[in-house]
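Contents: one structure, followed by commentary.
Protein chains: 2
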Amino acid sequence: MLNYKAYCLDLDGTVYRGKTPIKEAVDFVHYLQSNGIEPFFVTNNSSMTQKQLQEKIAKMDIHVEVDHIISSSIAAANYIEEHFPKKSVFMIGEIGLQDALAAKQVVRTEAIADVVVMGIDRAINYEKLSTACLSIRAGAAFISTNSDHAFPDERGLVPGNGAFTKLVEYSTGVEPIYMGKPEAFMLEFIQEKYGYKKEEMIMIGDNYSTDILTGIHMGIHTAHVNSGVNRTEEVQMKLSQPTYCLESLHDWIK
Amino acid sequence: MLNYKAYCLDLDGTVYRGKTPIKEAVDFVHYLQSNGIEPFFVTNNSSMTQKQLQEKIAKMDIHVEVDHIISSSIAAANYIEEHFPKKSVFMIGEIGLQDALAAKQVVRTEAIADVVVMGIDRAINYEKLSTACLSIRAGAAFISTNSDHAFPDERGLVPGNGAFTKLVEYSTGVEPIYMGKPEAFMLEFIQEKYGYKKEEMIMIGDNYSTDILTGIHMGIHTAHVNSGVNRTEEVQMKLSQPTYCLESLHDWIK
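Chains A and B, in that order, give the protein sequences.
Reminder that position 173 of the first sequence reads as 173 in the numbering used here, one-by-one numbering, no gaps.
Numbers given in the numbering used here equal positions in the second sequence, counted from 1, plus 1000.
Right, dumping it as C-alpha cells:
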C-alpha cells in the first residue's frame, strides 16, 4: 500500500470512458476504501452538479460523498466567493455552474456585471456573448471554468468551453483566468479544506497536458494511467515526467 | 482631377459613421460621378445584401448600381463558385451572406458539408457551431467573411465574425481563409470583372489595418482619410505608408 492520504483522480479517461467504467479504476477505488481512504475526483466538467457526478459514478459502483467530487464549476464558485464577495456576476453556463454559484450565494445578474464567469453552455446565444464582452470591456473580471478545445458527443468532437472563452478573449483582448486543469485551483481547494501536506497528495490521470501538469504545477506527486488520451510512450517523451507511469491502477492493488 | 479609373471606398468610417453620412465623402462621390466615374464601395459587412447597402447609402444621397457595392459575402460567394463548384455548403450567417450564396446557386445543407462559410450571425447557437466544427474536422474547407473582432451596436462593442471564426479555429485547429479586408479578394474581384490595371485602382479608407493594408496587399495606390478608426498621426507611424494621407476627401475636389 502506498503512503498518500489524498488520491485525486481524474474522471473521464481515468475512471470511465463516456458511460463505460474502467474496471481497474473501480477496483482501485474499492481497494482504497477498504483501507479506509476516501479518494477525491477532480474534473474539468462544468456542466454537471456534484450530485449528478455522484450519481453517474454510483452507477459504476463507485460510492463517494459529494464533497469529494471537485469540478471546475466548484472551483469557480470558490474563487468568486474568495476574491469577489458581493460583486455582481454574469454567468454563461449550465446547471453545474449555476448550482455551484447558488451554493455560494453568488449574486447573479443578466446585465453588465462586475465578474463574468463562463462554462460550457449549449444554450449559448449572441445576446449572452455580447453581455460577456460588454461587461469585460467595462472592466469586469473574466473567469472561465476550463480551456478545453472540444469534447465528444454522439456526433463527434464538438466545441468545448475553451473555444467559447477564446471567442470572448479575441473580441475583447482580455485574457481569462482558468479554473480547471492544468491550473491547480481544484487541488489547492482540496489541500486547504482538508489540511493535507503536499507530500500526502497525488494526482492520477490519463491526460498529460491537463492531469499530470496540474499535479506538477501544484508540486505534488503524479501518476499517469494508460487508459485514455495519452499513451505511456507519448508521456515518456515529455521533459517533465510524472512520478509514476502505470499501465492501469491494478498495478497499485497489492 | 486624379487619374484613377476605379475608386474603391470603404463604407463605415469613410462614407458614413453608423447612420450619419460623412459630407466630404458624399461630395467626393458626386464629384466623381459628375466627371463620369462610378466609384466602388468595398465593405467587410457580411450581414447586409447589396440592395440593403444600396438603399442605406441612397438615404445619404449616394446613388449607385448594386454591382458597384462589394461585400465580404459577395467575395465569399464568388470564391465558392470558383473553387468549390457543386460542393455542399454549410453556412453560418445572415441575409447578406444567404442572398450572395443564393445568387450563385450554391447548394446549402444543414448537415456535415464540404465547405463551411461563416459570417456574422446574431441567431448563432451551439448546434450551428457544432456542425461547423464537425464538418471542418471531417475535412471541409473553412471560409470566413472577415476577421473583425467587434463592431458597435447600440450597447457598445459586441463580438464580430472574427471572434466566432476564432472559436471554430481554436476548437478544430484549422485556420480559415478570410474573404474580407485586409485580404485582397474584393479588390481582385473588381479588377477581374472590369479589367482594370493595378495603376488605375485606388483603395480609400479610414482604417489602416483593413483598408490601407488591403490596397498594399493588392499592390495598388491607397489613400487614408482622417474620419474614422485611425488618426493621421497614427498612420504616419506605420512602416508601410499609404500613397496619400488626406484630412478628408474634400482635399481631392478641385
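The beta-carbon is built from N, C-alpha and C at its ideal position, and this holds for glycine as well.
Asked	Found
Less than 8 Å between CB atoms is the rule here; does proline 152(A) satisfy it with respect to chain B?	no
Is it true that the CB of methionine 186(A) sits closer than 8 Å to the CB of threonine 145(A)?	no
For my contact list, valine 1116(B) and isoleucine 1136(B) are in at a C-beta cut-off of 8 Å; report their separation, rounded to the angstrom.	6 Å
Quick check: is the beta carbon of phenylalanine 142(A) nearer than 8 Å to any beta carbon in chain B?	no
For isoleucine 1124(B), return the contacting residues in chain A, with the cut-off set at a CB-CB distance below 9 Å.	Ile124, Asn125, Tyr126 and Leu129
Check each residue of the stretch 1160-1173 of chain B: if its Cβ is closer than 8 Å to any Cβ of chain E, include it; give the result in chain order.	Within the model displayed, chain E is absent; protein chains A and B are what it includes.
Quick one: what does DSSP say threonine 1210(B) is sitting in, helix, strand or coil?	helix
Note down the Cα distance separating proline 1021(B) from valine 1015(B), rounded to an integer number of angstroms.	6 Å
Can you look up threonine 1043(B) in the DSSP assignment and give me helix, strand or coil?	strand
State buried or exposed for serine 1209(B), treating a residue as buried only when at least 16 other CB atoms are found within 10 Å of its CB.	exposed
Is methionine 186(A) helix, strand or coil by DSSP?	helix
Which residues of chain A have a Cβ atom closer than 9 Å to the Cβ of glycine 1093(B), listed in chain order?	Under the 9 Å cutoff, chain A gives no residues; its nearest Cβ is about 13 Å from glycine 1093(B).
Rounded to whole angstroms, what's the CA-CA distance from glutamate 1169(B) to arginine 155(A)? Just pull it up for me.	19 Å
List, in chain order, every chain A residue whose beta-carbon is nearer than 7 Å to that of glycine 1156(B).	Leu134 and Arg137
Suppose you measure from the CA of serine 1171(B) to the CA of leucine 1002(B); what does that come to, to the nearest Å?	48 Å
Is there at least one Cβ from chain A nearer than 8 Å to histidine 1149(B)'s Cβ?	yes
Beta strand (DSSP E) containing phenylalanine 142(A): first to last residue?	141-144
Measuring straight from C-alpha to C-alpha, what distance separates alanine 103(A) and alanine 6(A)?	24 Å
Is the CB-CB distance between histidine 1217(B) and proline 1242(B) below 8 Å?	no
Give me the residue from Glu1200(B), Ala1138(B), Asp1153(B) and Asn1161(B) with the minimum Cα distance to aspartate 1121(B).	Asn1161(B)
Could you tell me which residues DSSP pairs with valine 29(A) in its beta bridges?	Its beta-bridge partners do not exist; DSSP assigns none.
Would the beta-carbon of phenylalanine 1090(B) fall within 8 Å of that of threonine 1131(B)?	yes
Using only the alpha-carbon positions, how far apart do threonine 49(A) and glycine 96(A) sit?	4 Å
For serine 1072(B), I'd like the list of residues in its chain whose CB is within less than 6 Å of its CB, leaving aside the five on either flank, ordered along the chain.	Asn1044, Ser1046, Thr1145, Asn1146, Met1179 and Gly1180
Are isoleucine 143(A) and isoleucine 177(A) closer than 8 Å when you measure CB to CB?	yes
So the beta strand (DSSP E) threonine 1222(B) belongs to, where does it begin and stop?	1221-1225
Can you tell me whether asparagine 1230(B) is buried or exposed, with buried defined as 16 or more other CB within 10 angstroms of its CB?	buried
To the nearest angstrom, how far is it from the Cα of alanine 1150(B) to the Cα of leucine 1101(B)?	24 Å
Would you list, in sequence order, the uninterrupted beta strand (DSSP E) runs of no fewer than 3 residues that lie entirely inside the stretch 152-188 of chain A?	156-159
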